[in-house]
Amino acid sequence: MNLTSTYPTWYFALCLLAGIAGAFVLYYRDWQFKDLGNAFKKWLWVLAVIRAITISFIAFLLLSPLLRSTVTRIEKPVILFAQDNSSSVMINKNAQDSAGYVAAVTQFIDELSKDYEVKTYSFGSALKEQPGYTFTDKTTNISAALEELTNLYNNQNLGAVILATDGIYNEGSNPAYIKAELNVPVYTVGMGDTTITRDLQLLEVMYNRTVFYGDYFPLKVEWKAQFCGNEKTKITISHIKEESIKTLDEKSIDIESNDFSGSNEFLLKAESSGVNHYRITLAKVDGEASEINNIKDVFIEVIEKREKVLLLANAPHPDIAAIKQSIESNKNYEVTVAFGGSVPGKMEEYSLFILHQLPSSANNIQPLIQSIKSKNKSVLFILGAQSNNALVNSSQTLINIAGANGSTSDAFPVLLGEFSLFNIPEALKNSLATWPPLIAPFGDYRVSPGSVTLMSQKIGSVVTKFPLILFQQDLNGRTGMITGEGLWRWRMNDFEQNGNHDAFNGMLSSIVQYLSVKADERQFRVRIEKEMKSGSNHIFAENETVTFNAELMNESNELINTPDVSLTVKDDQGKEFPFIFSKHINAYNLNAGYFPVGNYTYLARVNYNKKDFSASGAFTVSPTQLEFETTRANHQLLYALSRKTGGKLFYPAQLDILAKEIREKQEIKPVIYSATRTEPLINLRWLIVPILLLLALEWGIRKFNGGY
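Written as structure tokens, this is what we have:
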């Protein structure tokens, strides 16, 4: 610490002279001090010195001298200890083994903490800032843990990372190839058991998550057997409903060698609607290391009925078969074909009406169209040479075609980039340029301002503003129109170019799905967030959180969230879990957290404007068994990761050797930081204290001796 100044040194002598001059003027020339007599003379010099010091010090501060100080700080190296907290780490271990390991690690961390700053974490599916020795996480993502540690300590004095794991990961990428640049050695502690033991494993079950009631659906099971040569086992498929377990099918397996794998297929019938619970079991063999990976549970939603579409045509046409086959490639839809103006069955059964070249001169069907509108049903018009354009114009508000007079033109499709009503399949984008033209009415197209165009017409080499496919939504539902016939050519061309109908089927499926969606006009509604993002999927893994969204509308259809909304979740045993929604913007949100494996129903309630509203639903939580699919520890992976980063592989019994290795590592050392601070001396407020003390002392002496 030292003092500097921007003024020459002789300025400080001037400060001293100023102090002496001030004292001289006050105590030599002032006659009141001479009147005090000889008794006061002995204090006169003391007062003069005090006044001289005070004035000199104040003058010195007015020169703004600078105080410069240096602060030194020593930062210990940071050692990160990340513990794998997943279920596979302690598989086939008892509580005593777990307690012994935890005690050894705790002692190891305490010893390192004497010389280093040790930060402890645990990880499974995510990194957590606590040691965590429960070993209950259902998945392991090693690469994500390392990448997050990189982001957290990228600019700190990081010495090393210690990763205690069995090397088994079932989420994320291979940790040996991650791009995270830690620039420090990663020491791994190899846990688990690398011994190859007798074990049967169910590797994967392939199935459709959604099937229809009464249909048969396939279920394929892949399995593996290690060191079980010449043994026999069997695969059993069971249906679980509440407390009852019903065996549906089983197949015997002869294991021919010590490294043997295979698969079996089953054909099951969907006999009950709702979410069905099926269990696949691989029978145990003697001496097997683990039975946990012999069982898999799958949940399949059985839908009771399909959405029905009525395809009403003026006359037989190749388009009819192409449309029916494409729509029914999606098993959620069932197409009924009829001709003329007759509707098979009840109109309420159908979600969408497709009118092919209707209305026409032969089939007016105006009353039918009015009836469709009155029931708020969606309509897709497909125009062609048989369409009566005057009747078409009066049947909808989407478009008006003037001056056609029965003439047609070849219209090639051109996709519009700003379309946003639904996602356009990539296969369609890649194939559309090669598709042949549709036969469209020639005339002046006047499009409603509220319509949205998917494709426009290219006539010859000119891209027109005339729409080829467009949509509109009004108070009577959704309306769509394809202004040309010849869709069968598109389907054939798709197969000729790509060997499949994916592009055409995807286009038509998106159109039908958009038009057939029923508007939810309820004043209060609750939906599961996962269901909103992925269709009808309301099946959760046990390591997934269940999140709900709720909306309440007033009489003007405006979203509000003034009243509180309660939610009660009930499991299949009748146990209830109560919640209250959080208010978010003008709606409601609730993260209900994790639930045990099982089937659940929920009921939400709200009271608004002295009226009670409610909404209900169901969801299922299925078990996560990823941690038990592989039971053999992968220490080769840990060795590769340590070697790549300049670390080493150790085992739980070698923690003392690991501590010694870290201490002997020359690169892991403290960092000394020095900082120089410069500030004006006059900024130090405490300096006013000695000035006040000197002035008070001077005044006290004068007062004591009768001076003023």
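Note that this note's numbering has the sequence shown beginning at 2, numbered continuously upward. No residue lacks a Cβ here, since even glycine has one placed at the ideal position from N, Cα and C. Computed from a predicted model, the values in this text were never measured in an experiment.
If you draw a straight line from the Cα of R492 to the Cα of H502, it is about 6 angstroms long.
Bounds of the alpha helix (DSSP H) holding G701 are 689-705. Counting every other CB atom within 10 Å of its CB across the protein chains shown gives D200 a total of 16 or more, marking it as buried. When S262, F261, P564, I324 are compared, the shortest CA-CA separation from G487 is found for I324. With respect to the 8 angstroms criterion, V570 and Y603 are classified as neighbours on the basis of their beta carbons. Three or more Cβ pairs drawn from the stretch 237-246 and the stretch 272-283 lie within less than 8 angstroms of each other, which places the two stretches in contact.
When rounded, the separation of the alpha-carbon atoms in S330 and D216 is 15 angstroms. Note on P317: under 16 other CB atoms within 10 angstroms of its CB, so exposed under the neighbour-count rule.
For H539, no alpha helix (DSSP H) segment is defined, and its DSSP state is neither H nor E. The C-alpha of L429 is placed about 57 angstroms away from the C-alpha of N95. Annotation: the continuous alpha helix (DSSP H) that includes M508 extends over 503-517.
Distance from the CA of T234 to the CA of P219, rounded to the nearest whole angstrom, comes to 22 angstroms. When secondary structure is reduced to three states using DSSP, P442 falls in the strand class. The straight-line gap separating the alpha-carbon atoms of F525 and G418 is approximately 35 angstroms.
The alpha-carbon of Q655 is positioned some 21 angstroms away from that of I169.
A straight line joining the alpha-carbon of Q97 with that of A104 spans about 11 angstroms. Looking only at V72, E699, G648, the smallest Cα-Cα distance to L164 is reached by G648. Remark: three or more beta-carbon pairs, one from each stretch, lie closer than 8 angstroms, so the stretch 384-400 and the stretch 360-367 are flagged as touching. With respect to the 8 angstroms criterion, V79 and G133 are not classified as neighbours on the basis of their beta carbons. Between I425 and the set H636, G451, S510, the nearest pair of CA atoms involves S510.
For I75, the closest C-alpha among the options T631, A676, D194 is that of A676. Rounded to whole angstroms, the gap between the alpha carbons of K459 and P368 is 34 angstroms.
Cβ-Cβ separation between P624 and D298: approximately 5 angstroms, consistent with a contact (criterion under 8 angstroms). Close CB contacts of P186 within its chain, under the 6 angstroms cut and outside five residues either way in sequence, are with A161, T646, G647, G648 (chain order). A direct Cα-to-Cα measurement between A434 and S457 gives close to 13 angstroms. Here the stretch 135-155 does not lie against the stretch 602-616, with fewer than 3 beta-carbon pairs under 8 angstroms apart.
Here DSSP, grouped into helix, strand and coil, assigns R210 to coil. In the structure shown, the three-state DSSP call for P468 is strand. Residue pairing by DSSP leaves T7 without any beta bridge partner. About 24 angstroms separates the beta carbon of T141 from that of N184, a gap too long to meet the 8 angstroms contact definition. Rounded to whole angstroms, the separation of the alpha carbons of E335 and Y214 is 14 angstroms. Nearest Cα to Q157 within the set Q514, K704, D320, K670: K670.
For E149, the enclosing alpha helix (DSSP H) has its first and last residue at 143-153. Less than 8 angstroms divides the Cβ of L469 from the Cβ of A441. Distance from the Cα of G230 is smallest, within the candidate group F549, I254, F354, A593, for I254.
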